[in-house]
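Engineer:
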Amino acid sequence: MQFIRRSFRHLAAAACLVSASSFAAVLEPAKSPMAPDFTLAQYQGGNLKLSEQRGNVVLLNFWATWCGPCRTEMPELDKLAKKYADLGVVVIGVNVETETEGVKAYLSDIPVSFPILLDTNNVASKTYDVQAMPTTVIIDKDGKIRSLHRAYQPGFEKKYEDDINALLAE
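The numbering used here numbers the first residue of the sequence shown as -4 and each following residue consecutively.
In structure tokens form, the structure reads like this:
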């Protein structure tokens, strides 16, 4: 069983790398769909409802413990969260795994200052059509999806920052 788990993790990691041929889309306000609302349990305790973040720019990041690019990206997201916290930007991580036992160890290795949500039933990840790990969705102050980034390569955080700055300037 342990061998199967390790093999699956390696296969999943390879899939992440293959998907690293990233997809990014930036939408104009008039053509932007509303971000579907959800309420998920926070790893830190309590629940978080996405629509309660209206008035803020939200960077919503879907990730998994087995995803190598996610491990590389997470510290960069934490830097963005800290840099923009006082400017009305909220970073939210959404773990998409049905079993959460690895989340504690992951966050011990890579501590973050932003909320981590647990999507154990894949409600949010299905609603947002998450097809690659990681997937980052940037939502404007009115709750509209303004950009979508699938996969991650070092330097993508600059794209996120450009999107955030553009939305803060609106």
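We put the beta carbon where it would ideally sit given N, CA and C, even for glycine.
Put F151 into one of helix, strand or coil per three-state DSSP.
Structural biologist: Translated into the one-based positions of the sequence shown, residue 151 becomes position 156. In the structure shown, F151 sits in a helix (DSSP, three-state: H, G or I).
Engineer: What does the Cβ neighbour count give for L82, buried or exposed, with the cut at 16 atoms within 10 Å?
Structural biologist: Mapped onto the sequence shown, residue 82 falls at position 87. Result: exposed.
Engineer: Under the DSSP definition of a beta bridge, which residues are partnered with V85?
Structural biologist: As a first step, residue 85 must be located in the sequence shown, where it is residue number 90. According to DSSP, V85 bridges with V53.
Engineer: P70: which of I105, A161, Q39 and C62 sits nearest, CA to CA?
Structural biologist: As a position in the sequence shown, residue 70 is number 75, starting the count at 1. Cα-wise, what sits closest to P70 is I105.
Engineer: Rounded to the nearest angstrom, how far is the Cβ of V89 from that of L55, given a contact under 8 Å?
Structural biologist: As a working note, residue 89 is residue 94 in the sequence shown. As a working note, residue 55 is residue 60 in the sequence shown. With a Cβ gap of about 7 Å, V89 and L55 count as contacting.
Engineer: Could you check which residue in E68, W58, K44 and A59 has the C-alpha nearest to that of Y155?
Structural biologist: For the purposes of this step, residue 155 is taken as residue 160 along the sequence shown, with counting starting at 1. Taking only the C-alpha atoms, the option nearest Y155 is E68.
Engineer: Bridge partners of Q37, per DSSP?
Structural biologist: Against the sequence shown, residue 37 aligns to sequence position 42. According to DSSP, which records beta bridges pairwise, Q37 is partnered with L112.
Engineer: Please look up how many angstroms separate the CB atoms of I159 and Y79, rounded, as I've assumed it's under 8 Å.
Structural biologist: Taking the sequence shown and counting its residues from 1, one reaches residue 159 at position 164. Taking the sequence shown and counting its residues from 1, one reaches residue 79 at position 84. Correct: roughly 6 Å between the Cβ atoms.
Engineer: Please say whether C65 and Y147 have beta carbons closer to each other than 9 Å?
Structural biologist: Mapped onto the sequence shown, residue 147 falls at position 152. Mapped onto the sequence shown, residue 65 falls at position 70. In contact: Y147 and C65 (Cβ atoms closer than 9 Å).
Engineer: If distances are taken between C-alpha atoms only, which option among Q48, V53 and A36 comes closest to A161?
Structural biologist: Along the sequence shown, one-based indexing puts residue 161 at 166. Cα-wise, what sits closest to A161 is V53.
Engineer: Expressed to the nearest angstrom, what Euclidean distance is found between the alpha-carbon atoms of I87 and Y38?
Structural biologist: One-based indexing of the sequence shown puts residue 87 at position 92. One-based indexing of the sequence shown puts residue 38 at position 43. Approximately 11 Å, taken between the alpha carbons.
Engineer: Could you tell me whether the Cβ atoms of A59 and E96 are closer together than 9 Å?
Structural biologist: As a working mapping, residue 59 is identified with position 64 in the sequence shown. As a working mapping, residue 96 is identified with position 101 in the sequence shown. It is not a contact, given that the beta carbons lie outside the stated cut-off.
Engineer: Using a Cβ-Cβ cutoff of less than 6 Å, which residues in the same chain neighbour T34 once the five nearest sequence positions on both sides are dropped?
Structural biologist: Start at 1 with the first residue of the sequence shown, and residue 34 comes out as number 39. Cβ within range, chain order: N42 and K44.
Engineer: With a CB to CB cut of under 6 Å and the five nearest residues on each side skipped, what residues in its chain are close to G138?
Structural biologist: Sequence index remark: in the sequence shown, residue 138 carries index 143 (1-based). Result list for G138: M29, A30 and R49, in chain order.
Engineer: If R145 sits next to A127, beta carbons under 8 Å apart, how far is it from one beta carbon to the other, in whole angstroms?
Structural biologist: Counting from 1 along the sequence shown, the entry for residue 145 is found at position 150. Counting from 1 along the sequence shown, the entry for residue 127 is found at position 132. R145 to A127, Cβ: 4 Å. Contact.
Engineer: Return helix, strand or coil for V91, following the three-state DSSP convention.
Structural biologist: As a first step, residue 91 must be located in the sequence shown, where it is residue number 96. Coil at V91, not helix or strand.
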